[in-house]
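Sequential numbering from 46 applies to the sequence shown in our numbering. Where a beta carbon is used, it is the ideal one built from N, C-alpha and C, also for glycine. In what follows, a single structure is set out as structure tokens and then discussed.
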Amino acid sequence: MYTQAMDIPDPAQPAPATPDLADPAQLARFEAVLSGGGRIEAQDWMPAAYRKTLLRQISQHAHSEIVGMLPEGNWISRAPSLKRKAILIAKVQDEGGHGLYLYGAAETLGARRADLIDALLAGRAKYSSIFNYPTLGWADVGVIGWLVDGAAIMNQIPLCRCSYGPYARAMIRICKEESFHQRQGYEALLVMMRGTGAQRRMVQDAVDRWWWKCLAMFGPPDADSEHGAQSMRWGIKRMGNDELRQKFIDATVPQAQILGVTLPDPQLKWNDERGHYDHGPIDWEEFRSTLAGDGPCNRERIATRAEAHENGRWVREAALAHARKQQQRAQGAGT
Ligand code: FAQ
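Here you go:
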């Protein structure tokens, strides 16, 4: 199994019991590591609530990566050239790899990957709202690279400094790959914007449909963020949802100007006093309804993942049978 951990729990053993009532010495050590800017590792003692919130965030993140393969994967067979097809295949494979690193990081906390996948397929686990929207044209693939990966990087760079070692190490590699994803998307859009009027209209239409959804990716406003403050105290999150959203807007406006597209927000305006762009209101009602399972593609995404999981059953069974045979041989050789 691929893992970012220094060492991992034995899957045959139950997850280490973490008492809710902490031993004061253990808690003091945990807090000293956090306040010294150090890393908590898989075998270190940690409060049950810290483990729980990490598992929640890391597993949702892993699910987002593998569900996130679907909107673009849909365009592999329709890419406009061999070059674009090769780039897109590489990108979609990268997202699958990110899922693997992240499931590996979740397993270091004592979770079983099969249970996490079951929760996703049963609709009990969340994944990023952004992947519940359709990719209607080729320009959507470029816009996902530019804006969705751009938002993902903005959110994920601070996670490279997360207090939990296995997650932080996974994020370093993921961010490097996301950076290539963002550039390939922006470059594809630059080419389209230098093309015909119809191509430029396709890009603008895709930007109009994805912009607001990307702003919602950063999560609810800090005032409504259930976990934000505690996750910041624990050094899991290093920046709040609103600060990251603002940084994304400030970085993206000049890129839109170079590209020659209009961001669909009449209230988007530089504010000299704040030193940031002001923006219009985000539709949080739509965000909540997408999280509740009622976005345009929620059902389709889960059905596709369930089918892929079923199609892969024979591979999992064959790998386990091979591992068992190897183990029996090794035991036979040892007697
Ligand atoms: N979608 O209290 P907070 C990618 C939930 S990867 C769905 O603020 P927190 C790569 C939240 O889970 C994209 N749910 O929560 C790619 C919580 O629900 P819960 C994924 C959301 O954890 C690109 C509730 O709302 N990235 O794109 C969303 O402190 C292209 C209350 O929220 C990550 O997962 C949302 N947008 O902050 C792949 C990064 N926002 O658990 C393919 C890691 C919030 O109580 C193609 N995660 N919720 O049931 C994080 O940084 C954080 O978990 C946040 C949320 C910022 C997402």
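Contact holds between the segment 177 to 197 and the segment 231 to 243, because three or more Cβ pairs, one in each stretch, are under 8 Å apart. Short note on Asp194: C-beta closer than 7 Å to some heavy atom of ligand 1. Counting along the chain, Tyr95 sits inside no beta strand (DSSP E); it lies in the alpha helix (DSSP H) bounded by residues Ala93 to Val112.
The alpha-carbon separation between Arg374 and Val360 amounts to approximately 21 Å.
Taking 8 Å as the cut-off, the Cβ atoms of Leu147 and Ala196 do not count as close.
Taken atom to atom, the span from the alpha-carbon of His272 to that of Asp323 is near 25 Å. Burial is judged here by how many other beta carbons sit within 10 angstroms of a residue's own beta carbon; Ile303 has fewer than 16 and is exposed. Distances between the C-beta of Phe263 and the heavy atoms of ligand 1 include at least one below 7 Å. Shown here, Tyr322 sits in a strand according to DSSP, grouped into three states. Distances from the CB of Lys282 to the heavy atoms of ligand 1 include at least one below 7 Å. DSSP places Ile85 within a strand segment (E or B) once states are collapsed to three. Here Asn316 is bridged, per DSSP, to His321. According to the DSSP assignment, Phe293 belongs to the alpha helix (DSSP H) that extends over Asn286 to Leu304.
If you look at Met277, you'll find it in the alpha helix (DSSP H) that goes Gly273 to Arg278.
By the 16-neighbour rule on beta-carbons within 10 angstroms, Ser80 is exposed.
DSSP places Lys282 in no alpha helix (DSSP H); its state is neither H nor E.
Between Leu154 and Arg84, the CB-CB gap reaches or exceeds 8 Å. Closest in C-alpha terms to Asp317, from the list Asp295, Gly338 and Tyr172, comes Asp295.
Approximately 7 Å separates the beta-carbon atoms of Leu165 and Arg350; this is inside 8 Å, confirming the contact. The three-state secondary structure of Tyr209, taken from DSSP, is strand. About 10 Å separates the Cβ atoms of Ala170 and Ser109, ruling out a contact at the 8 Å cut-off. Around the beta-carbon of Ala215, 16 or more other beta-carbon atoms lie within 10 Å, marking it buried.
In this structure, DSSP gives Trp120 a state outside helix and strand, which the three-state scheme calls coil.
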